[in-house]
Structure formats: structure tokens, C-alpha cells
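Remarks on the structure that follows.
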Amino acid sequence: MKNIRIWGGRPLDGTVYIQGSKNAALPVMAAAVLHKGMTVLHDCPKIADVFFMEKILSHLGAKTCWKDHFGHLGHSLYLDCSDLRATDIPDEYASRMRCSIILLGALLGRFGQGAIAPPGGCVIGKRPIDLHLSMLRALGTHIEEHPKVLRACAADLDGELYGARIRFAKQSVGATEHGMIAAVLAKGTTYLENCAKEPEVVWLAQALNGMGASVTGAGTDQIRIEGVEALHDSAFQVPPDRIVAGTYLCAAAATRGKICIENPPLSEMSAFLGVYGKMGGQYDVIGGKLIADASGACGPITRLETDVYPGFSTDLQSPVMAVLALARGKSHIRENIFEDRFRVAEDLVRMGAHIRINGRDAYIDGTERLYGCRVTAQELRGGAALILAGLAAEGETTVDDFHLVERGYEQIQEDIRSLGGRILVEGE
Ligand code: EPZ
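Using my numbering, the first residue of the sequence shown is number 90, and each one after it goes up by one.
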């Protein structure tokens with residue numbers, strides 16, 4: 090197993106380029122199944138979850154290849170879905186990556202049928218799929234739910250899905266994206282209501298329209314999808330990852346450093362930048378670059394609540410917890426999205442943090458310093474938070490199960506080094 094070793098206690102100082110967004114790329118890769126031809130993703134992040142989605146598409150019969158251009162302009166992923174031959178996604182795949190469920194809607198749109206193992210929960214919460222299944226049924230899908238497989242087919246003998254008006258019981262990024270994908274080739278018009286407004290939903294609409302779909306309203310709570318007959322070859326530019334950018338700003342804050350982010354997705358970071366400012370972090374935007382001075386980012390946050398977009402992202406909750414562990418005062422974080430997203434606290438406490446968890450509330454009493462020790466990543470963002478804590482801590486920190494961090498961060502060790510951090514990946 091891979092682990093990452095960090096020698097902390099020094100302010101970060103350097104420049105970093107932000108990778109393509111994991112949560113923008115994955116749904117576009119699933120949408121490629123809809124088209125009997127080529128879909129290209131430029132600036133696609135080379136991370137474990139993308140490689141895994143690529144493996145699923147290959148299992149279905151897609152031909153995939155990467156073309157790297159010079160430097161950061163690289164990472165173009167070519168997905169040729171002309172000759173897909175399977176419509177079943179085996180358990181070994183579905184259970185490892187939650188967002189594979191949206192492939193079901195793509196398979197139904199393309200073939201009128203599909204099967205996938207029900208994606209399990211994960212350490213951050215139960216992760217149910219009731220909203221996904223009720224949406225597919227509303228579009229005219231018959232679904233058999235077995236313990237080990239969900240088998241779905243178009244209820245109509247012609248194998249088509251039919252447009253419908255669907256109101257989601259709660260805002261769900263994945264279910265919104267799933268509904269957009271499933272409705273693209275359906276007969277007639279689909280109205281999705283109470284939709285998630287995350288930027289990744291807007292990027293997916295842009296990618297679908299680039300493929301020849303007709304999607305309007307993304308980014309609002311109502312999205313309209315006019316079914317079309319066919320799609321065409323397209324190329325999508327994956328935007329910078331707003332969660333990775335926020336993670337690195339947290340690294341600057343935890344170490345009281347000064348960093349430059351070359352390509353920040355600023356318009357998507359307002360809630361986070363508001364919290365960063367409340368902690369005492371400062372920044373300027375010069376020529377599109379974000380120049381951050383986090384030398385004074387030591388203020389506590391009396392109450393921070395995670396929320397759906399444009400609220401504060403649940404994905405940055407753990408990285409911010411690592412920063413608040415070193416704040417001068419008491420902070421309170423309320424996690425409103427997932428039931429169990431405070432797992433990282435136990436390892437931060439082992440590093441010297443004073444954190445008390447009570448259900449969805451975390452109470453943090455900032456301390457003078459953290460001490461390096463051996464800790465274990467339990468999930469993606471918690472693992473990233475441990476790396477930040479290691480950069481701030483005195484002495485050496487080892488983070489085991491680093492592969493969980495590689496699910497969403499491409500070469501984080503290179504990025505941290507470019508910011509002046511001392512870090513080394515070990516083992517396989
Ligand atoms: C997406 O997950 C992201 N993943 C998550 O990022 C992110 O944390 C989450 O949205 C919230 O912003 C990807 O985009 C690949 P949801 P998703 O459906 O779609 C409940 C990361 O770290 N719900 O918006 O699975 C659910 O339990 C990952 O990059 C139902 O009740 O999240 C949760 O409480 C982690 N029924 C809430 O909705 C359903 O059918 C929001 O989940 C579906 C969801």
C-alpha cells in the first residue's frame with residue numbers, strides 16, 4: 090500500500106496549477122456512452138476515479154486513449170463509444186465508485202436497457218439512490234431491484250424513454266446529472282425540478298449541448314431537456330477543480346504561507362473564499378491568478394455550515410477542519426449534507442487537535458501546534474486534510490492508504506512540492 094510522508098512546520102511558498110475537475114469530468118465520461126462516436130475531454134485529470142470510469146467504459150466496449158500535449162495543456166482523453174457491446178456493469182466496478190450509477194441512465198438512453206450492481210454506501214454516509222431510481226421510473230423505465238444487481242429496461246416495447254416532469258424530493262448533484270443524461274435521447278421534453286445548482290451540473294449541460302443535446306436551465310432549480318434523435322462527436326474542456334483549489338488554499342492557511350494559484354475557478358469559489366477571509370486569509374487576483382497571503386489565517390469560525398451550492402461545499406469541510414484545529418479560538422462546523430463526514434477528526438486529535446464530535450456537529454478548540462505522527466486516510470477529502478495537517482505539524486507525518494487521496498488529487502505530492510512543501514510518496 091502507498092503512503093505519503095510529510096515533514097511539516099514550514100509556511101508554504103510557491104505556485105500551483107490546478108488539475109481538471111474530477112466531479113466535472115466523471116459525468117461527462119458517463120454521457121459519452123450516449124453517443125455512437127467520439128467524445129474528447131481535454132485537461133482531464135489523471136486520477137484514480139477517472140481511470141476507473143475509463144475501465145468501466147472499456148468493459149462496455151469503448152476504445153479509450155490519452156494524448157498528452159506539452160505541460161499542463163495535456164491530458165486529453167479520447168472516448169470512442171462507436172462499438173459498445175455490453176450493457177451490464179459488474180459488481181467489482183459499481184461498488185468501488187458511487188457515481189457509476191449515472192451510467193445506467195446513459196445505457197438506457199443508448200440501448201433501452203442496462204444493469205449495474207447497486208453502489209454501496211461509503212464512510213461518509215449511506216449514499217442512497219432512491220432519487221435516481223424514481224427519476225428513471227418517471228422516464229418510463231422498468232427496474233428490478235435485486236440484492237446484487239439493478240436491472241433496468243425501457244417499459245415501452247420500442248425501447249425508448251419518454252420525457253416527463255420530475256421533481257426531486259431533495260437536491261442531489263448525482264440525481265440531477267443522471268436525469269439530464271437519461272433524458273437527452275428520450276422522446277419528448279423532460280422538466281427536472283428542485284435540481285442541484287453545483288457548477289458541475291452546468292458543465293455537464295455544456296458538454297451535453299456540445300454533443301448536440303438540447304439542455305437549458307442548468308444552474309437553476311429547473312432544467313429542461315428536449316429529447317433529440319442523435320448526437321455527434323465533440324470535445325469538452327474540463328474546468329479547474331474548485332475543491333482542489335480550495336484544498337491548496339487550506340494548505341496555505343494551515344501553514345500560514347503565501348501561494349499563487351495560476352488558474353483558479355474563482356466564480357465557483359465564493360463561499361469558500363468567504364470562509365478563508367473570515368479566518369484572516371487575504372488574496373488578490375492579478376491577471377487571472379490568485380495571489381494568497383495566508384500568514385494571518387489564524388481566526389476561528391464560530392459557526393460554519395455545509396450546504397448545497399452556492400453554499401459552503403461539504404467537500405472542503407475536512408480541509409477547513411484541519412485549518413481550524415490551529416486557529417486561535419473555538420470553531421463549530423455543522424455538516425448538513427452527509428451523515429458521517431467527520432472521520433478525519435480522530436486522526437487530527439492524535440496529532441494534538443482538540444476536536445469533539447456530536448452527530449453532525451464538530452466543536453474545535455484551536456491549539457498552538459500539531460505534532461506529526463502516523464495516521465490513516467479513511468476517505469478522499471479526509472485524507473487530503475491529514476496531508477494539510479502534516480504540512481503544519483511539527484516533525485514527520487505519515488499518511489497511510491494514500492491511494493484514497495489519489496482518487497481525486499492528481500500528483501498532489503508534486504503540487505505540494507511546487508508550493509514548497511516537503512513530501513514523499515512511498516511504496517506501491
Ligand atoms: C456529488 O456526490 C459529489 N461527487 C460529491 O463529491 C459531493 O460531496 C456531493 O455531490 C455533494 O456536493 C461527484 O460529483 C462524483 P448528492 P453525490 O447526491 O451526487 C442524498 C468528493 O469528495 N441522496 O448531491 O453522490 C445523499 O445521501 C465527492 O468529490 C439521497 O438521499 O451527492 C446526500 O445526503 C464526495 N438520495 C445528499 O443527497 C439519492 O438518491 C447529497 O448527495 C441521492 C442522494
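Ideal placement from N, C-alpha and C gives every residue a C-beta, glycine not left out.
Span of the alpha helix (DSSP H) around residue i
i    : result
E435 : 433–439
Q311 : No alpha helix (DSSP H) holds Q311; the beta strand (DSSP E) holding it covers 311–315.
C339 : 331–344
N44  : One cannot answer for residue 44 here, as it falls past the ends of the chain, which runs 90 to 517.
A275 : Taken as a continuous stretch (DSSP letters only), A275 belongs to no alpha helix (DSSP H), as it is neither H nor E.
G148 : The question names Gly, yet the displayed sequence has His at residue 148. From DSSP, the alpha helix (DSSP H) with H148 extends over 137–149.
M118 : 111–120
A360 : 359–367
V73  : Limits of the chain in this structure are 90 at one end and 517 at the other, which puts residue 73 out of reach.
E181 : 180–183
Residue i burial status per 10 Å Cβ neighbour count (16 or more: buried)
i    : result
Y398 : buried
S171 : exposed
T176 : buried
I375 : exposed
C154 : exposed
P328 : buried
R174 : exposed
A319 : exposed
L477 : buried
H235 : exposed
Residue i to residue j span [Cα, whole Å]
i    : j    : result
Q43  : D429 : Given that the chain is displayed from residue 90 to residue 517, the structure contains no residue 43 and the question cannot be resolved.
F401 : L246 : 45 Å
I332 : P207 : 27 Å
T395 : R187 : 21 Å
N112 : H443 : 32 Å
A114 : R439 : 35 Å
A381 : A340 : 11 Å
H221 : G461 : 43 Å
A482 : I107 : 24 Å
S261 : T403 : 13 Å
D322 : V433 : 43 Å
E287 : D132 : 20 Å
H492 : L166 : 22 Å
C284 : E515 : 42 Å
G472 : I93  : 10 Å
E357 : L293 : 15 Å
N425 : I145 : 32 Å
R313 : L225 : 16 Å
L415 : T104 : 23 Å
K276 : G150 : 26 Å
H124 : G198 : 10 Å
Q259 : E485 : For the record, residue 259 in the displayed sequence is Lys; it is not Gln. The straight-line gap from Cα to Cα measures roughly 43 Å.
G448 : G366 : 27 Å
G510 : R185 : 31 Å
S147 : I178 : 11 Å
G377 : P353 : 8 Å
Q311 : Y452 : 37 Å
L355 : P134 : 19 Å
CB contact flag (residue i, residue j, <9 Å)
i    : j    : result
I232 : P116 : no
F427 : I255 : no
G520 : Q371 : Outside the shown range of the chain (90 to 517) lies residue 520, about which nothing can therefore be said.
I95  : L480 : yes
D243 : G209 : According to the sequence as given, residue 243 is Ala; it is not Asp. No, they are not a contact pair.
L297 : V273 : yes
K91  : D490 : yes
V129 : L101 : no
M142 : A120 : no
V291 : G308 : yes
A343 : V412 : yes
E289 : S303 : no
L68  : L250 : Residue 68 is absent from the structure shown; the chain starts at 90 and stops at 517.
L393 : S420 : yes
A137 : R496 : yes
L459 : G203 : no
V488 : T465 : yes
Limits of the beta strand (DSSP E) - the one that residue i falls within
i    : result
K347 : 347–350
N92  : 92–96
D219 : Taken as a continuous stretch (DSSP letters only), D219 belongs to no beta strand (DSSP E), being part of the alpha helix (DSSP H) at 219–227.
S402 : Segment: none, S402 is in no beta strand (DSSP E) and carries neither H nor E.
V105 : 102–105
L513 : 511–515
G203 : 202–205
A381 : 378–382
A481 : Taken as a continuous stretch (DSSP letters only), A481 belongs to no beta strand (DSSP E), being part of the alpha helix (DSSP H) at 469–481.
Y372 : 371–375
Q502 : No beta strand (DSSP E) contains Q502, which is instead part of the alpha helix (DSSP H) from 501–507.
CB contact below 9 Å: residue i versus chain C
i    : result
T104 : The structure shown has no chain C; it contains just one protein chain.
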